[in-house]
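Have a look at the structure below, then the notes.
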Amino acid sequence: MKKFRKVLDGLSSSSQGAVASPSCSSAAGTPPTPQDIHVQETLVSENFHICKTVRHGFPYQPTCLAFDPVQKILAIGSRTGGIRILGRPGVDCYSQHESGAAVLQLQFLINEGALVTACADDTLHLWNLRQRRPAVLHSLKFNRERITFCHIPFQSKWLYVGTERGNTHIVNIESFVLSGYVIMWNKAIELATKAHPGPVVHLSDSPKDECKLLIGFESGTVVQWDLRAKKVDFRIYYDEAIHSVSWHHEGKQFMCSHSDGSLTMWNLRNTARPIQITYPHGKILKEGRKESCKPILKVEYKTSRNSSEPYIIFSGGLSYDKAGGRRPTLTIMHGKAITVLEMDHPIVEFLVLCDTPYSNEIQDPYAVVLLLEKDFIMVDLTQSNFPIFENPYPMDIHESPVTCTAYFAECPPDIIPVLYSVGAKQKKTGYSHKEWPVSGGTWTLGSQTYPEVIVTGHADGSVKFWDASAITLQMLYKLKTSKVFENPDAGEGRAVELVEEDPYAIQMVSWCPQSRLFCVVGISAHVILYRFSKHDANTEIVSLEVRPQFDSDDVISPSETENNPSSHSPQMPGSPGNGSQDSLHYLKVKSRPVQMPPGYQAELVVQLQWVDREPPQQITSLDINSAYGLLAFGSCNGLVVVDYIQKTILRRVSTLDLYGAADPFQRLTRSLRKNRQSTSDFCMRSLSHFYSDSKKRNRTSYQSLTELSDNQVAMDMERSKSPTSDHVNGHCISPTSQPCSVGKSRNPGAPEGPRLTRRGPGRPPFRKAQSAACMEISLPVSSITEAESRENSSSRSRSSSVSSIDHDTKEAVTTLQFGESYGRKGDSLPTACLWVGTSLGVVLLLPICIPTERERLEEPVTMGPSGTVLMLKGSVLCFSFLNCGGTLIQSPYEVWREPNVPEDPDEPRRRKLVNLSPLSSQEACGDGHLAVVCSEKQAKVILMPTQAVLFTHNVTESSFLLRADVVSVGNSVCLACFCANGHVMTLSLPSLRLLIDTNYLPLTHVRIARTFVFTNGGQALYLTSPTEIQRIAYSQEMTDNLQDMLGELFTPIETPEAQNKGFLKGFFGGNAQTFDREELFGEAAAGKASRSLAQHIPGPMGLENVRAAAGGVVGDLARARIALEQRGERLGELEERTTLMLKSAETFSTHAHQVMLKHKDKKWYQL
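Residue numbers (numbering that gives the first Met the number 0): 0 to 1166.
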């Protein structure tokens, strides 16, 4: 055995020649030798740079909301310190606070291109939005007080900050330092009051007089403070705690919401008691007491031009006793009409959008923005039925938890319009006919755009296709795989009891954009093949059932099932082991003809069966080839190949039998039935325990991702100490650790937990399908014995010693790839082959004989035994093929044709195949090609058909790879790798030189490992949170073009002028009074604040901010434009100050002249 391994590994040293021109010295038709391969590699380290591009989806754990009514952009803060700024479609920016502290409040400097954030670490940040990537300009850290509320008046440079101690501080926005002017809580309340008023929960200036500041305290006290006189105008005391305050635009009255579900209206003429107290959803009971109601967390009091009745909009306030009181609600009161809108999720915050930024004008609201815990909606107030607007942002990625992702770049140009045309028929109706109100910013389609498609699989069995071109994301088409199966409720007996909550969850997908074939693998060990059609069809779905033993007589054809239903049927779990078998199909495929709409239509379903009270094994790999008409998938210990044209099982075999006599480990064949129970049971557990038991929503199809995100099953088992043990933060995430571990068979007499007793002794511990964001690969303590724990622990170590492998006859198929290659060393011409990679690092080649096109429907496809066995360290992750010139060879495919059209019997349609074989992709380099094979530990470039190892690179020793793909970058190709330690690496091809190795993405959660995927063009993506997809770029060209592709957040817009209210209204006090805040809060008048109170922190000038601010010519132009605008502003201010000085000088001259005339004729003693 050692000698065999040395022979294989020794071949790697046979070619260490220099890289030269792409010429080949061998004659055409002669297999090249390692010395003949010379490829000119063009990629260097300078071609790569990693950066985040854009984030899609709903902001995870949102906390606050803000809107700029002039710029018409919207900002959302999150609990993780993130900020999402949204404008028109295409304008979507994500920024992150370095501290990671939760964002408590957001305040736009309206029409100034700036944003103030208040975080949970008591720090204020000023963000500059006048660049494509916002950056922090200043920060102010409060040391002795906690920030509770912030308010900045329109067109003011002074920010009011309320604290937990009840004090109010004032911050200069320009310098971001504290003013010496402070409103202390003990001065705001009466001296006779002994109790502390509590934290500041509201700050706002009076619409009538900007010199008056309204301060609301949590205890129920409201104070109006005269800023100029530095005293209190009036104080209001109420028994219930205050949550929010809202002014009438005239500034004569305001409304408060309270913790008992009441609304109080106060008039400034009489502040002794409220002029009105209402309980909108509470009633007076017969015994005279009030009905208990929930708190009203926020109220908005807005007036309208079209109606004399104001809008009163608030959240909460429902009665605890009502049946619907448990649901979050938004109430809209307009006159006598009261509309209650029930929400599916708790309301985080809402804003009422108005036309004017001035608080002293009629507000005229037109929409309500609702930020929910897991949704974002906008209600149209201009229509009586209050419809919602159609959301242009991809906020519904998490509609059902995401379980897998796929990323396809450089797709055929016609695929996106075709998917959009069939997906447009799926859109919901009933939306508002008006345009989306958030329309700020500018965005143009960049010049470096090409068709990109993202595919997401979900826990409810749905698959979504997204248009990801030009760093945007738009829903194209949604496919529901559950429609292939009968409704589980239609079953009878024990089958109904065993149906899981999410049996349709998508585990992996395979898509051929050229032929438009689509294949999905479900968590219930089923594979569904779809064909695309522009027409509807009424067809019957063909179903094939495969027994997982891979014996020669274990395949059940549809005809056998019809003739003898009892034969070859799986034994029902829990049934007596006396030889009787009850038919049990976990998911039943519809046997009747099914009406299918245009789009992807199911053609074939392949299911692994339950056998001998044991569940089917999880499917671990998948590949499909339209040119061959073949579908292959691997499981925990076997391989199945399906001819989907003839609808037959071509081959099913255990992994051990694939070797034949060429088994490099020289293992003895055991009976597969001995350890079958333990193996499949472990596979089901390891791959299905990322699903957790959380409750479904009552009204919509998706789950509470907050509950899903943090729950994990406890694991109390000894972990392997081998350096190749695949555990990160206590979670087993290596692809090989899932299928390869073998536990001992259960003792039939051993007691089992209540869950397994109820489900049956052979029932897998399925749990509800959870998103890939929440996958935790671990075993429950209650379902494994101590012996199983020890054996599972030892089996997870992938030591290369022969002795440890001899004891393990189970080997998972981890990757599959169809392609034109050489099945054996002696082959002179390439043929169709299936490359098989296993969890033990073994690569097998299975040659395939495809009949001619005319005989394809009648003659069977044959597969020969493996003639090639190659070995690597660790589980095999990917295959790819290059010609001898270093160009990527694509797999052959069939050009799409419409399946649902009548055929002419005289002239049957022929398939149009595109075969990119090694012979057709090269001329001067002779026959042969290069095979790139990458495993968790190692990458090799192998010359075919000689099978000489040209280059070998040990990618990592201390960790392991989670993802590896051969991708095209620029005009060349490279091997892109993502490691479990967070490193992103690229290797040149074919020499496997390390081009970049960056510790870029810490593996903080297993969902990153499950969803990370590379694609062509230097891009990648992963699920950064249960609700968001993060896209990154790793090529320098993509990074350089990023500035052109991002949208502009700030656009120069003239501030609307305040309305002229007329002479009479202004004479009687209708116009707001303005004052110069600089005179009160400036350093000359108020002095300096204590340095120990707050610390000023200049904005970080790191590399990312420098790149964002100075990204190429566009950044230079933007900076020049901003500098020009700022210079114009300074010149305008200088002109204003010059005018004021001129007026002051004229006034002084006039007064001096009057004094001179007055005392002109007087004597000195008369003065």
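For each residue, glycine too, the CB sits at the ideal point set by N, CA and C.
Asked	Found
Cβ-based burial, E544 [other Cβ within 10 Å; buried from 16]	buried
Candidates M984, S990, L993 and Y419, of which the one nearest Y999 by Cα	M984
Span separating the alpha-carbon of V868 from that of A74	57 Å
Residue ranges of each beta strand (DSSP E) within the segment 374 to 438, 3 or longer	375 to 379 and 401 to 408
Straight-line Cα distance separating C976 from S174	46 Å
Spatially closest choice to P61 from A1057, Y503, L929 and V347, by CA coordinates	V347
Contact under 8 Å by Cβ, P364 with K301	yes
Span separating the alpha-carbon of E163 from that of L876	55 Å
C410 beta carbon less than 8 Å from that of P450	yes
Simplified DSSP assignment, three categories, for L472	coil
Among G165, K824 and L139, the one whose alpha carbon lies nearest that of V199	G165
At least three beta-carbon pairs within less than 8 Å, the segment 55 to 69 to the segment 417 to 431	no
Same chain only: Cβ atoms within 8 Å of R909, ignoring 5 sequence neighbours per side	E852
Contact the segment 942 to 952 vs the segment 978 to 994: 3+ CB pairs below 8 Å	yes
S625, buried or exposed, once every other Cβ within 10 Å from all chains shown has been counted against 16	buried
For R1006, three-class secondary structure by DSSP	helix
Contact belief for S879 with T813 at Cβ below 8 Å, rounded distance in angstroms	Going by Cβ atoms, the distance from S879 to T813 rounds to 15 Å, so no, they are not a contact pair.
Pair within 8 Å by beta-carbon distance, K193 and D204	no
Simplified DSSP state of D232, which is helix, strand or coil	strand
Supposed close pair P891, E819 - CB separation, criterion 8 Å	6 Å
The segment 329 to 342 / the segment 392 to 407 touching (three or more Cβ pairs under 8 Å)	no
One or two residues paired with R1201 in a DSSP bridge	The displayed coordinates of the chain run from 0 to 1166. Any statement about residue 1201 would go beyond what the structure contains.
Cβ neighbours of T277 in the same chain (closer than 6 Å, five flanking residues each side left out)	L262
Three-way DSSP call (helix, strand, coil) for A930 in this model	strand
Top-ranked residue by Cα proximity to P829, from F817, V1154, V835 and L839	F817
Run of the beta strand (DSSP E) containing T1023, from where it starts to where it stops	Q1018 to S1024
Alpha-carbon spacing of F1074 relative to C255, whole angstroms	27 Å
DSSP beta-bridge partners of C635	Note: C635 sits in no beta bridge, so no partner.
Cβ-based burial, I188 [other Cβ within 10 Å; buried from 16]	buried
Backbone CA spacing between I274 and H1158 [nearest angstrom]	59 Å
Cβ neighbour criterion (16 or more within 10 Å) applied to D225	exposed
Whole alpha helix (DSSP H) elements within the segment 796 to 861, 4-residue minimum	801 to 805
For K463, the three-state DSSP class (helix, strand or coil)	strand
Inter-stretch contact (C-beta, 8 Å, three-pair minimum) for the segment 34 to 45 and the segment 1010 to 1028	no
Coil, strand or helix - D656 by DSSP	helix
Nearest candidate by alpha-carbon position, reference G637, set N953, L296, V541 and Q617	Q617
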